[in-house]
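Q:
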Amino acid sequence: MSGVGAAIAALRRGGLAVLPTDTVYGLVAYGLSKAAATELYAAKGRESRQPTALLLASLDLLPLALPGLPTSALRAAQALLPGPFTLVLPNPDRRFPWLTGERPEALGVRVPVLRGPAQAVLAELELLVATSANLPG
Numbered sequence: 016m017s018g019v020g021a022a023i024a025a026l027r028r029g030g031l032a033v034l035p036t037d038t039v040y041g042l043v044a045y046g047l048s049k050a051a052a053t054e055l056y057a058a059k060g061r062e063s064r065q066p067t068a069l070l071l072a073s074l075d076l077l078p079l080a081l082p083g084l085p086t087s088a089l090r091a092a093q094a095l096l097p098g099p100f101t102l103v104l105p106n107p108d109r110r111f112p113w114l115t116g117e118r119p120e121a122l123g124v125r126v127p128v129l130r131g132p133a134q135a136v137l138a139e140l141e142l143l144v145a146t147s148a149n150l151p152g
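Residues are numbered in this note's numbering as their position in the sequence shown, beginning at 1, plus a constant of 15.
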């Protein structure tokens with residue numbers, strides 16, 4: 016199994032991986048798994064009250080991830096993403112509560128510009144939760 020295949024398999028099982036993004040090396044977990052996000056928080060030493068960003072493989076996934084997103088927020092995202100930004104967007108349906116910390120009405124979203132293996136992993140899984148792969152503080 017290739018490194019990409021091993022990373023995808025580990026993430027699907029609820030494990031963690033480190034991927035280079037367009038801004039930092041990210042510690043990532045599968046975005047649809049609350050258990051995986053809990054593992055990521057524990058590994059990072061991050062408090063659950065702190066929000067963590069959702070990485071999307073494509074801007075086309077944004078309306079699926081955040082149904083009910085106001086048109087103005089979608090337009091802003093379309094103007095800025097993909098790129099090296101985390102947009103804190105309205106979360107009208109309070110999706111992904113394991114990522115929002117103390118603000119369930121908002122969610123940080125990225126559509127990073129990735130290359131090579133990192134791009135292949137995100138393209139396959141479509142949604143990852145990510146935080147920088149450094150010590151907290």
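We put the beta carbon where it would ideally sit given N, CA and C, even for glycine.
Who are the Cβ neighbours of Leu26 in its own chain at under 8 Å, not counting the five residues just before and after it?
A: Answer for Leu26: Ala32, Val43, Ala44, Tyr45, Ala51, Val136, Leu140, Leu143, listed in chain order.
Q: From Ser2 to Ala138, what does the alpha carbon distance come to, in whole angstroms?
A: Absent from the model: residue 2. The displayed extent of the chain is 16 to 152, so no value can be given.
Q: Can we say the stretch 90–97 touches the stretch 50–69, given the rule of at least three CB pairs closer than 8 Å?
A: With the cut-off at 8 Å, the stretch 90–97 and the stretch 50–69 do not touch.
Q: Assess contact between the stretch 86–94 and the stretch 62–70, defined as three or more Cβ pairs (one per stretch) separated by less than 8 Å. Is contact present?
A: These segments do not touch.
Q: Using only the alpha-carbon positions, how far apart do Gly131 and Pro35 sit?
A: Distance between the alpha carbons of Gly131 and Pro35 is about 10 Å.
Q: Buried or exposed: which applies to Gly20, given that a residue is buried once 16 or more other Cβ atoms fall within 10 Å of its Cβ?
A: Exposed, because fewer than 16 other Cβ atoms sit within 10 Å of the Cβ of Gly20.
Q: Tell whether a beta-carbon distance below 8 Å holds between Ala68 and Val124.
A: Yes, the Cβ-Cβ distance between Ala68 and Val124 is below 8 Å.
Q: Determine the DSSP secondary structure at Arg125, reduced to helix, strand or coil.
A: Arg125: strand per DSSP, three-state reduction.
Q: Where does Pro151 fall in DSSP's three states?
A: Three-state result, Pro151: coil.
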